[in-house]
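Here's the structure, in structure tokens; my notes come after.
And the structure:
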């Protein structure tokens, strides 16, 4: 389990899922979890911060999509809110503008309002908040 946690940051749910594959008794699972936390191989805050940085700066996901995926990994709302400071507001708005412009430019053969509507839908599907999109580009 140590090697599993050393390879990349993991959340509690991922480690518990991996241990289910080993068919261990409950006491052994608890001992392993305690050891991993005590030795700092398993740290929810570090995992959450790392996950947020990776999904935003590498995959260019918005906060909404990141939050949904973290909730699926059983991370608390409070911890998610605390860790969202990993995304700088300037970077967030620059990313929205860049994705908007790239996607908008790819749309051809459509009227301007259709291109804009499709682009806004695309940004929403990437997890960006409608309010942030409209603040940057106005209503469709």
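Residue numbers (the numbering used here): 17 to 156. The beta carbon of each residue, even a glycine, is placed where N, CA and C say it ideally should be.
Proximal residues to residue i (C-beta, below 6 Å), its chain only, five neighbours per side dropped
{"i": "residue 45", "result": "35"}
{"i": "residue 69", "result": "102"}
Test item: CB-CB of residue i and residue j under 8 Å
{"i": "residue 79", "j": "residue 145", "result": "yes"}
{"i": "residue 142", "j": "residue 76", "result": "yes"}
{"i": "residue 109", "j": "residue 152", "result": "yes"}
{"i": "residue 139", "j": "residue 150", "result": "no"}
{"i": "residue 2", "j": "residue 123", "result": "Past the boundaries of the shown model lies residue 2; the chain is included only from 17 to 156, so the question cannot be answered."}
{"i": "residue 86", "j": "residue 96", "result": "yes"}
{"i": "residue 22", "j": "residue 57", "result": "yes"}
Cutoff 7 Å; reference residue i; Cβ partners in own chain excluding five residues on either side
{"i": "residue 63", "result": "25, 26 and 27"}
Extent of the continuous alpha helix (DSSP H) to which residue i belongs
{"i": "residue 107", "result": "105-122"}
{"i": "residue 36", "result": "28-37"}
Among the options, nearest to residue i - alpha-carbon criterion
{"i": "residue 52", "options": "96, 115 and 30", "result": "30"}
{"i": "residue 74", "options": "107, 42 and 38", "result": "107"}
Exercise for the section: Only counting runs of 4 or more residues, tell me where the alpha helix (DSSP H) segments fall wholly within the stretch 56-88, in order along the chain. Expected result: 60-73 and 79-88
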